[in-house]
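Numbering (this note's numbering), first residue to last: 667 to 841.
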């Protein structure tokens, strides 16, 4: 949710004037987005009813009601070691017949997803400007997510493909 609050992301696919929106998931453990919901595009655009906020079981019911008033759906999940249980998220997706999720996570969730082996395929955009947090625990260093700089145990993409978008480069492949 920190990335959403700082960027006010739309989480839609845009090509020329066409806009498409699938189911949008926001991982917001304590429903912090509720206080700013009226100014966030994902709760105020024409696709607001396609937004699902994933929070922990103890999150505020008042915040939940506020987000639901904007059209969002709330999924409450248990915590494991202080983080949302990603296996429970996967099970919930399965029960809702959602067979794949395209995620645009911030650095903390990115690391958790990869470290817990919850990623089957990775899209990694490389832009002219590369941002990286100075705090080691928040940094996404693709290739060194296992806490080592040893290339023998790093994560590796297979069957890589490259697509250029102007000055940006999308690198993708199986993880």
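Cβ atoms here follow ideal geometry from the backbone N, Cα and C, with glycine treated the same way.
All figures in this text were calculated on a predicted structure; none of them were measured in a lab.
Check	Outcome
Reduced DSSP category for residue 710 - H, G, I as helix; E, B as strand; rest coil	helix
Cα-Cα separation, residue 839 to residue 788	6 Å
Element boundaries [beta strand (DSSP E), containing residue 724]	It is not in any beta strand (DSSP E) - residue 724 carries neither H nor E in the DSSP assignment.
Residue 684 - partner residues in DSSP beta bridges	681
Residue burial classification, residue 777 (beta-carbon count within 10 angstroms, cutoff 16)	buried
Whole-number beta carbon distance between residue 741 and residue 720, since they are thought to touch under 8 Å	5 Å
Cβ neighbour criterion (16 or more within 10 Å) applied to residue 733	buried
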